[in-house]
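Under full-length UniProt numbering, read the sequence shown as residues 1 to 177, first letter to last. Cβ atoms here follow ideal geometry from the backbone N, Cα and C, with glycine treated the same way.
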Amino acid sequence: MKPPTKAQVARAARRDRIVAAAREIAEVDGWDAVTVRRLADAIAFSQPVLYSHFPDGRDGIVRAVALDGFAQIATELAGAPAGVRPLAERYLAFARRHPAVYEAMFSGPTDLPFATTETPEALLAGFAAIAAVVGGDEARAETLWSALHGIADLARHGRLRPDLEADRLTVLVELFA
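Okay, structure coming up:
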């Protein structure tokens, strides 16, 4: 395999800047504030440059943020000590630290395929870490993931009592251990 050319490296760096800027704007002002025009202004690129990287515009940029988020959470989950509780703690901490990324991953409209033969590797890797803590049982893994997502999403919207977080984790561990 040949090393990337300077042009390829520069293109990848521009793409990364676009994704990072979208993520930063969304974390501060929400996804409604992420527009191609605002991104172009924020990173001093023209709108056509953004569209050359993301032909479907904002949707492609949000998808890229989501895919980066899936890769990041997969790495964090894979590095968790053995057991349901450490994995759950890492999952929930990721959702808390990166609310806009988590929203791009799970709450916004997306064309990312889940649970199909076309599922991107980053999504599969995160699910594999969840499946590993329940002995590879996919139904249990999906149920654990659903519970974690529900807790993360409800907590993110202030619909759960913060003082019960440790108790919720204890109940979750008891259900899946």
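Which residues mark the beginning and the end of the alpha helix (DSSP H) in which aspartate 29 is found? That run of the alpha helix (DSSP H) goes 6 to 29.
Using the Cα positions of valine 28 and isoleucine 151, report the straight-line distance between them to the nearest angstrom. 22 Å
Between isoleucine 61 and valine 101, which are expected to be in contact by the criterion C-beta below 8 Å, what is the C-beta distance as a whole number of angstroms? The pair is not a contact, with the Cβ atoms about 12 Å apart (cut-off 8 Å).
Is there contact between the segment 161 to 168 and the segment 103 to 118, where contact requires at least three CB pairs shorter than 8 Å? no
Are there 16 or more other CB atoms within 10 angstroms of the CB of arginine 23, so buried, or fewer, so exposed? buried
Taking the alpha carbon of glutamine 47 as the point to measure from, which residue in Arg14, Pro3, Leu77 has its own alpha carbon closest? Arg14
Rounded to whole angstroms, how far is the Cβ of glycine 69 from the Cβ of methionine 105, which I believe are closer than 8 Å? 5 Å
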